[in-house]
Amino acid sequence: MDCHKIHDSLANCGIVNLDELEKIANKTIEFPRLATTTGNAIALFTMLVLQEIIEQLAVNPIANLANIIQLSNSIASLNNSIKLIQ
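Position in the sequence shown (first residue = 1) + 50 = the numbering used here.
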């Protein structure tokens with residue numbers, strides 16, 4: 051997965067560990083040519099980015115509660131989109 055094109059725009063939003071998040075997502079890929087595996091990797095990477103955003107919003111949870119809930123729901127939906135590889 052090559053996410054370097056979006057790194058600059060995401061880094062401007064305050065997300066700092068994108069390279070590390072990409073490494074974690076890539077570790078889950080055994081067969082990158084399979085559509086299911088690639089879709090799972092994209093979902094996982096997105097979940098990790100959203101987790102980083104939630105951590106930043108958690109600094110002021112009262113003011114950011116609605117956003118935290120919305121991002122948590124997005125992570126749950128992404129989790130449901132992950133398919134078992136058989």
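Where is the CB? At the ideal position from N, CA and C, for every residue including glycine.
Reference residue i, options the options, closest by Cα
i: Glu102; options: Asn129, Thr87, Ala116, Ser122; result: Ser122
i: Asn90; options: Ala116, Ala75, Leu71; result: Ala75
i: Glu72; options: Thr87, Thr86, Thr96; result: Thr96
i: Leu94; options: Asn117, Ile119, Lys77; result: Lys77
i: Asp69; options: Val99, Ala85, Thr87, Thr86; result: Val99
Same chain, Cβ closer than 8 Å to residue i, five either side skipped, listed in chain order
i: His54; result: Reliability of the predicted coordinates at His54 is poor, the pLDDT of 47 falling under 50, and no value is obtained from them.
i: Ser131; result: Gly89, Ala93
Residue i burial status per 10 Å Cβ neighbour count (16 or more: buried)
i: Ile104; result: buried
Sequence-distant residues of the same chain with beta carbon closer than 7 Å to residue i, five excluded per side
i: Leu128; result: Ala93, Thr96, Met97
- request: Could I get the ranges of all uninterrupted beta strand (DSSP E) runs contained in the stretch 77-132, with 3 residues as the minimum, in chain order?
  value: Counting whole runs of 3 or more residues, the stretch 77-132 contains no beta strand (DSSP E) stretch at all.
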